[in-house]
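Colleague: Structure below; questions to follow.
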Amino acid sequence: MRYGYSSDCLNHDTGPRHPESPDRLRAIRQGLSSRHGVEYVEADAIGEAQARAVHDDEYVKEVREFCADGGGQWDPDTVAVEATWEAALKSAGQAVWSAHEALDGTEGRETPFAIGRPPGHHAVADDAMGFCFLNNAAIAAQSALDGAADRVAIIDWDVHHGNGIQDIFYDRDDVFYCSIHERGLYPGSGEVGETGEGDGEGTTANVAFPAGGDDDAYLATVDDVFAPLLTEFDPDLLLVSAGFDAHEHDPISRMTVSTEGYGVLAARVRDLAERCDAGLGFVLEGGYGLETLSESINKVNEVFEGYEPVAPDGEVDDRLRSILDDARTAHGLGEK
Numbered sequence: 000m001r002y003g004y005s006s007d008c009l010n011h012d013t014g015p016r017h018p019e020s021p022d023r024l025r026a027i028r029q030g031l032s033s034r035h036g037v038e039y040v041e042a043d044a045i046g047e048a049q050a051r052a053v054h055d056d057e058y059v060k061e062v063r064e065f066c067a068d069g070g071g072q073w074d075p076d077t078v079a080v081e082a083t084w085e086a087a088l089k090s091a092g093q094a095v096w097s098a099h100e101a102l103d104g105t106e107g108r109e110t111p112f113a114i115g116r117p118p119g120h121h122a123v124a125d126d127a128m129g130f131c132f133l134n135n136a137a138i139a140a141q142s143a144l145d146g147a148a149d150r151v152a153i154i155d156w157d158v159h160h161g162n163g164i165q166d167i168f169y170d171r172d173d174v175f176y177c178s179i180h181e182r183g184l185y186p187g188s189g190e191v192g193e194t195g196e197g198d199g200e201g202t203t204a205n206v207a208f209p210a211g212g213d214d215d216a217y218l219a220t221v222d223d224v225f226a227p228l229l230t231e232f233d234p235d236l237l238l239v240s241a242g243f244d245a246h247e248h249d250p251i252s253r254m255t256v257s258t259e260g261y262g263v264l265a266a267r268v269r270d271l272a273e274r275c276d277a278g279l280g281f282v283l284e285g286g287y288g289l290e291t292l293s294e295s296i297n298k299v300n301e302v303f304e305g306y307e308p309v310a311p312d313g314e315v316d317d318r319l320r321s322i323l324d325d326a327r328t329a330h331g332l333g334e335k
């Protein structure tokens, strides 16, 4: 794979005990260091006009000035220093690079994966939250729509609901947002009945599992809920908001996705993008166990190098299957 990366993203210093630390990127690069064919690309930072395409003008100014004044605690979870603004612009720039590389037909071993930080999927139009300042995937999607794409789909498999992406596109029919997440975690949004409004009615799909959601449940979500919806939507671009904090050993969640499971998920979204004749790009979100984050991205990389991951042979238990049936029903698909 080709990875969008900038050392400027290491300068976003969240402090010694913050889970979203520069060590995340260092661990990813260390884990990929033994892989042949890995390439790093430093894309241009976005300009403020691209940030304002999805964020309010006053908010963009407020974050820039907050960082210029030295930063501090934006909220209890979200920390900035002076260098955070440049890191955020670079992180969003990597996401835009991933989107446009995918639209240009880059695939296979050159599939783009933006590994910037700070992450983005919690940032709403007018506020930072959940470690996020600029909504990287939303900015990338809008940039694609301003270019060659007519429709963009986003699959968010971070363990937390990407409330920011959902909110930004909730009333629009040109972006289909799909999220698998753990119910009850921050920020508390992403219920099955949140399906969009106005022109965007039906273009948001949420599957919220209780603690213990596993490989079988995640793969069934892609196969039985997201795939039929996105095949009908027919996107030109499929972006993955790729958080790895649903891993069974991640320190801040209670889900049980395995390292191999992330490989199978990557293969399923690759196959879905091919069925839709859509470009495929990845944008890093969460993942806070350094070893599990590194191993999971390494597994995704292996898939695009030709490795065939081993799909689980279990069944989705009745409790989780009922959640999938509810999601299908909310979108007029009926029970599976």
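In terms of numbering that gives the first Met the number 0, the numbers along the sequence shown are unbroken and rise by one, the last being 335.
Ideal Cβ placement from N, Cα and C applies to all residues, glycine included.
Fair warning: this is a prediction, and the values are worked out from it, not measured in the lab.
Use the C-beta contact count for His160: other C-beta atoms within 10 angstroms, 16 or more gives buried, fewer gives exposed.
Modeller: Against the sequence shown, residue 160 aligns to sequence position 161. Flag for His160 reads buried.
Colleague: Please report the residue range of the beta strand (DSSP E) in which Pro111 lies.
Modeller: Residue numbering aside, residue 111 sits at position 112 when the sequence shown is read from its first letter. Element bounds for Pro111: Pro111 to Ala113.
Colleague: Considering His180, what are the terminal residues of the beta strand (DSSP E) in which it resides?
Modeller: If you number the sequence shown from 1, residue 180 lands on position 181. Where His180 is concerned, the enclosing beta strand (DSSP E) stretches over Val174 to Glu181.
Colleague: Pro75: buried (16+ other C-beta within 10 angstroms of its C-beta) or exposed?
Modeller: For the purposes of this step, residue 75 is taken as the residue at position 76 of the sequence shown. Pro75 comes out exposed.
Colleague: Going by the CB atoms, is the gap between Ile45 and Val123 shorter than 8 angstroms?
Modeller: Stepping through the sequence shown from its first residue, residue 123 is reached at position 124. Stepping through the sequence shown from its first residue, residue 45 is reached at position 46. No.
Colleague: Could you name the residues of the same chain whose beta carbon sits closer than 6 angstroms to that of Phe112, not counting the 5 residues immediately before and after it, in chain order?
Modeller: As a position in the sequence shown, residue 112 is number 113, starting the count at 1. Excluding sequence neighbours, Phe112 sits near Met0, Tyr2 and Phe281.
Colleague: Once the 5 residues before and after Tyr287 are set aside, which same chain residues still bring their CB inside 8 angstroms of it?
Modeller: By one-based count along the sequence shown, residue 287 stands at place 288. Cβ within range, chain order: Pro18, Glu19, Arg23, Asp244, Asp249, Pro250 and Ile251.
Colleague: In or out: Pro234 buried (at least 16 other Cβ within 10 Å) or exposed?
Modeller: Stepping through the sequence shown from its first residue, residue 234 is reached at position 235. So Pro234 ends up on the buried side.
Colleague: Check whether the Cβ atoms of His246 and Ala207 sit closer than 8 angstroms, and answer yes or no.
Modeller: Walking along the sequence shown from the start, residue 246 turns up at place 247. Walking along the sequence shown from the start, residue 207 turns up at place 208. Not a contact, by the Cβ cut-off of 8 angstroms.
Colleague: In or out: Pro118 buried (at least 16 other Cβ within 10 Å) or exposed?
Modeller: The sequence position of residue 118 within the sequence shown is 119, counting from 1. Per the 10 Å Cβ criterion, buried.
Colleague: Could you check what DSSP says for Ser240 in three-state terms: helix, strand or coil?
Modeller: Taking the sequence shown and counting its residues from 1, the one referred to as residue 240 is at position 241. Strand.
Colleague: Cβ of His99 within 8 angstroms of Cβ of Ile164?
Modeller: Here residue 99 refers to the residue found at position 100 of the sequence shown. Here residue 164 refers to the residue found at position 165 of the sequence shown. Contact: no.
Colleague: Going by DSSP, what residues sit across from Leu319 in a beta bridge?
Modeller: One-based indexing of the sequence shown puts residue 319 at position 320. According to DSSP, Leu319 bridges with nothing at all.
Colleague: Report yes if the CB atom of Trp156 is closer than 8 angstroms to the CB atom of Tyr217, and no otherwise.
Modeller: Along the sequence shown, one-based indexing puts residue 156 at 157. Along the sequence shown, one-based indexing puts residue 217 at 218. Closer than 8 angstroms, so yes.
Colleague: Ends of the alpha helix (DSSP H) at Glu106?
Modeller: One-based indexing of the sequence shown puts residue 106 at position 107. Here Glu106 belongs to no alpha helix (DSSP H), and DSSP marks it neither H nor E.
Colleague: Please name the residue or residues paired with Tyr2 in a DSSP beta bridge.
Modeller: Along the sequence shown, one-based indexing puts residue 2 at 3. Per DSSP, Tyr39 and Phe112.
Colleague: Identify the residues that DSSP records as bridge partners of Gly278: which are they?
Modeller: Indexing the sequence shown from 1 puts residue 278 at position 279. Its beta-bridge partners are Leu236.
Colleague: Alpha carbon to alpha carbon, what distance is there between Phe232 and Ile138?
Modeller: Sequence index remark: in the sequence shown, residue 138 carries index 139 (1-based). Sequence index remark: in the sequence shown, residue 232 carries index 233 (1-based). The alpha-carbon atoms of Ile138 and Phe232 are separated by roughly 20 angstroms.
Colleague: Going by other Cβ atoms of all chains shown within 10 Å of its Cβ, with 16 needed for buried, is Ala265 buried or exposed?
Modeller: Taking the first residue of the sequence shown as 1, we reach residue 265 at position 266. The residue is buried, with at least 16 neighbouring Cβ atoms inside 10 Å.
Colleague: Mind checking whether Leu271 and Leu237 have CB atoms under 8 angstroms apart?
Modeller: Indexing the sequence shown from 1 puts residue 271 at position 272. Indexing the sequence shown from 1 puts residue 237 at position 238. Yes; because the gap between Cβ atoms is below 8 angstroms, this pair is in contact.
Colleague: Does DSSP put Ile154 in a helix, a strand or coil?
Modeller: For the purposes of this step, residue 154 is taken as the residue at position 155 of the sequence shown. Three-state result, Ile154: strand.
Colleague: Classify Thr328 as buried or exposed, calling it buried when 16 or more other Cβ atoms lie within 10 Å of its own Cβ.
Modeller: To locate residue 328, count along the sequence shown from 1; it is residue 329. Under this definition Thr328 is an exposed residue.
Colleague: How would you write the range of the beta strand (DSSP E) that Val256 sits in, first residue to last?
Modeller: In the sequence shown, residue 256 corresponds to position 257, counting from 1. That residue, Val256, is in no beta strand (DSSP E); it is neither H nor E in DSSP.
Colleague: Quick one, are the C-beta atoms of Val239 and Val268 less than 8 angstroms apart?
Modeller: The residue you call residue 239 lines up with position 240 of the sequence shown. The residue you call residue 268 lines up with position 269 of the sequence shown. It is a contact, given that the beta carbons lie within the stated cut-off.
Colleague: Inspect the beta-carbon positions of Gln141 and Gly115 and report whether they are closer than 8 angstroms.
Modeller: If you number the sequence shown from 1, residue 141 lands on position 142. If you number the sequence shown from 1, residue 115 lands on position 116. It is not a contact, given that the beta carbons lie outside the stated cut-off.
Colleague: Report the residue from Arg63, Asp276, Thr255 and Glu41 whose alpha carbon sits nearest the alpha carbon of Glu47.
Modeller: Start at 1 with the first residue of the sequence shown, and residue 47 comes out as number 48. Minimum Cα distance to Glu47 is reached at Arg63.
Colleague: Going along the chain, which unbroken runs of the alpha helix (DSSP H) with 4 or more residues stay wholly within the segment 50–134?
Modeller: Segments of the alpha helix (DSSP H) lying fully in the segment 50–134: 56–67 and 83–102.
Colleague: Exposed or buried, Ser90, counting other C-beta atoms within 10 Å across all chains shown (16 or more means buried)?
Modeller: Counting from 1 along the sequence shown, the entry for residue 90 is found at position 91. The residue in question, Ser90, is buried, as its Cβ has 16 or more Cβ neighbours within 10 Å.
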